[in-house]
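Contents: one structure, followed by commentary.
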Amino acid sequence: MKVRVTVMLKDGVLDPQGKAISHALQTLGFDGVQDVRVGKVIELDLPGAKAEEAQKKADAMARDLLANLVIEDYSVEVVE
Numbered sequence: 216m217k218v219r220v221t222v223m224l225k226d227g228v229l230d231p232q233g234k235a236i237s238h239a240l241q242t243l244g245f246d247g248v249q250d251v252r253v254g255k256v257i258e259l260d261l262p263g264a265k266a267e268e269a270q271k272k273a274d275a276m277a278r279d280l281l282a283n284l285v286i287e288d289y290s291v292e293v294v295e
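Here is the structure:
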């Protein structure tokens, strides 16, 4: 079973990498981009796990290691 964990900075947390990308896009002529936020996507392969079990395991992994809950939010999606 494959699971995708998406981790993003919480609203209100400064995102310097997003700001740099936003500035670079404007410099390259891509006007109309109002805001850029950068996050990470982590795909986990959990062989033999059923969808509900994989979801629970990935949620625990995200809470314990993959996301910094002080400044980041996460979502878990079973993809296979």
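Residue numbers (my numbering): 216 to 295. Backbone N, C-alpha and C define an ideal beta-carbon position, used for all residues, glycine too.
Based on Cα-Cα distance, which residue from the options lies nearest to residue i?
i, options, result
"P231", "V251, Y289 and E292", "V251"
"V256", "K272, A277, L229 and G244", "A277"
"E292", "G244, G247, A235 and L259", "L259"
"L289", "F245, K217 and K225", "Checking the sequence shown, residue 289 turns out to be Tyr, not Leu. It is K225."
Would you kindly report the start and end of the unbroken alpha helix (DSSP H) that includes residue i?
i, result
"G233", "P231 to T242"
Using 10 angstroms around the beta-carbon of residue i, count the other beta-carbons present and answer buried if the total reaches 16, otherwise exposed.
i, result
"V228", "exposed"
"V220", "buried"
When you compare the CB positions of residue i and residue j, do they come within less than 9 Å of one another, or not?
i, j, result
"L261", "A269", "yes"
"I236", "V222", "no"
"K272", "A264", "yes"
"A266", "M216", "yes"
"V218", "V294", "yes"
Could you give the residue range of the beta strand (DSSP E) that holds residue i?
i, result
"K217", "K217 to L224"
Taking the runs of the alpha helix (DSSP H) that are 4 residues or longer, which of them lie wholly in the stretch 234-291?
-> Those alpha helix (DSSP H) runs which fall completely within the stretch 234-291 and span 4+ residues are 266-276.
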